[in-house]
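Beneath this line is the structure, given in structure tokens, with notes to follow.
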Amino acid sequence: MNLRDLKYLIALADLRHFGKAADACFVSQPTLSTQVRKLEEELGVTLVERAPRKVMLTPTGQDVVQRARRIVADVEQMREAARRSKDPESGSLRLGVFPTLGPYLLPHVVPQLRERFPQLELLLVEEKSDVLLQRLREGRLDAALLALPVHDEQLHAEFLFDEPFVLAAPRGHELTSRASLGVDELSDETLLLLEDGHCLRDQALDVCRLSGAHEKSGFRATSLETLRQMVAAGVGVTLLPALSVHAPVAQPAGIQLVAFRAPAPNRRIALVWRKSSAMEAFLRQLADAIGTLARAQLQAG
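First residue of the sequence shown? That's 2 in the numbering used here, and the numbers climb one at a time after it.
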């Protein structure tokens, strides 16, 4: 058993296709298939169910793949630790970010991060929070920008900033006549929310429970931009994160925004990484830089 064979198995688990997995590993399909078969023979178990057009992992295969991911990640961490001991601010960083934050935060911080860490190659991955957490645990990401709380003893969450919510309502809605709102003034309102899987949905539902508001039945948006357009069309009201309404993001003509009075509802953003990460010292520097830039942008907006 060697790292190469474990990587072949991981690629097969990710892509569920021998040909695609072989291409991803830069080997021929017979080579990858043979090595996976040898791995099965060595372990004395079947890892993969082989069908003409479908590849599935057996229950034992799923367990072995999870262990293989940890082994490969640990080896990569050893290599990264050795390399970063020579030059802590260089190399690549696989950073995850969730969809309702990335497009609105990253344009404000990435240019300054490139100036601050000119030797750093930032590889960005945008996915829903549960996917980011899984990839982080498996070692497929080095760190991720996530909303708190994060409940996992293997992970460290470094708080960065609080991002307030604002109310987005159709122009002329009765709530837009007020200079600011208390959360309790949402009582009996019906809010447009995102579909399941978005952490913003869970955060908005928390506000609903606190204020007495309700979710609009029969409607769940797939993105923040869909929510924005539906509000502009007069379908209902919603909550938007503050960074998503700051320049250069343009608001549709049919939307009016109203801020909340303190204590305003908000979400708490953190940089999260594995406690075992060899990059911890650098990630703390990165967290400090992102937090400082984000807070400055929120104050400027």
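C-beta: ideal position from N, C-alpha, C; glycine also.
Could you say which of the options lies nearest to residue i if we only look at CA atoms?
i	options	result
Ser294	Ser212, Val126 and Arg117	Looking at the sequence provided, one finds Leu at residue 294 rather than Ser. When only C-alpha atoms are compared, the closest one is Arg117.
Thr59	Gly103, His174 and Leu13	Leu13
Leu194	Leu133, Ala214, Ile72 and Val184	Ala214
Leu147	Ser218, Arg296 and Leu161	Leu161
Glu154	Ala23, Asp15 and Trp274	Trp274
Asn267	Arg202, Ala233, Gln113 and Leu137	Arg202
Thr35	Ala301, Leu225 and Arg5	Arg5
Ala251	Ala271, Glu226 and Leu240	Glu226
Leu272	Ala52, Pro150, Gly219 and Asp75	Pro150
Glu42	Gly62, Ser130, Phe261 and Pro53	Gly62
Ala301	Pro249, Leu284 and Ala23	Pro249
Gly173	Leu284, Val259 and Ala22	Val259
Val76	Arg285, Ser277, Ala22 and Glu122	Ser277
Ser188	Thr32, Asp88, Ser212 and Glu175	Ser212
Gln135	Asp15, Gln204, Phe283 and Ala282	Asp15
Val184	Pro31, Arg51 and Ala263	Ala263
Glu281	Gln78, Gly219 and Arg229	Gln78
Leu137	Arg115, Leu156 and Leu240	Leu156
With a Cβ-Cβ cutoff of 7 Å, do residue i and residue j count as a contact?
i	j	result
Ala145	Gly198	no
Leu124	Ser93	yes
Pro304	Ala265	With the chain covering 2 to 302 only, the question about residue 304 has no answer from this structure.
Arg95	Leu142	yes
Arg70	Gly140	yes
Thr177	Glu196	no
Ala279	Glu159	no
Pro100	Glu127	yes
Ala23	Leu33	yes
Within the same chain, show all residues whose beta-carbon is closer than 7 Å to that of residue i, passing over the 5 residues directly before and after it, in chain order.
i	result
Lys8	Cys26 and Val73
Cys209	Leu192, His215 and Glu216
Glu190	Ala214 and Val238
Met2	Leu40 and Glu43
Gln286	none
Val66	Leu10, Ile11, Ala14 and Leu58
Gln204	Ala148 and Arg268
Go through its chain and collect everything with a Cβ distance to residue i's Cβ below 8 Å, but skip five positions before and after it.
i	result
Leu206	Leu194 and Glu216
Arg17	Lys55, Val56 and Met57
Leu133	Gly97, Val98, Phe99, Val126, Leu142, Ala145 and Leu147
Ordered along the chain, which non-local residues of its own chain (more than five positions away) have a Cβ less than 6 Å from that of residue i?
i	result
Val110	Ile291 and Leu294
Arg269	Leu149 and Asp163
Phe261	Leu182
Ser130	Phe99, Leu147 and Cys200
Val355	Nothing can be reported for residue 355, as the shown portion of the chain is limited to 2 through 302.
Problem set entry | Residue ranges of each alpha helix (DSSP H) within the region 45 to 101, 4 or longer | 60 to 87
For this session: Check whether the region 68 to 83 touches the region 46 to 56, taking contact to mean three or more Cβ pairs, one atom from each stretch, closer than 8 Å.
Result: no
Exercise. Contact between the region 169 to 181 and the region 280 to 299: three or more CB pairs below 8 Å?
Worked result: no
For this session: May I ask you to verify whether the region 238 to 255 touches the region 96 to 111, counting CB pairs closer than 8 Å and requiring at least 3?
Result: Yes, they touch.
Exercise. Counting pairs of Cβ atoms below 8 Å between the region 254 to 263 and the region 233 to 242, do you hit three or more?
Worked result: yes
For this session: Only counting runs of 4 or more residues, tell me where the alpha helix (DSSP H) segments fall wholly within the region 206 to 279, in order along the chain.
Result: 225 to 233
For this session: Let me know the beta strand (DSSP E) ranges lying completely inside the region 153 to 201, each 3 residues or longer, listed in chain order.
Result: 156 to 171
Exercise. Which residue spans inside the region 97 to 143 form an unbroken beta strand (DSSP E) run of at least 3?
Worked result: 121 to 127
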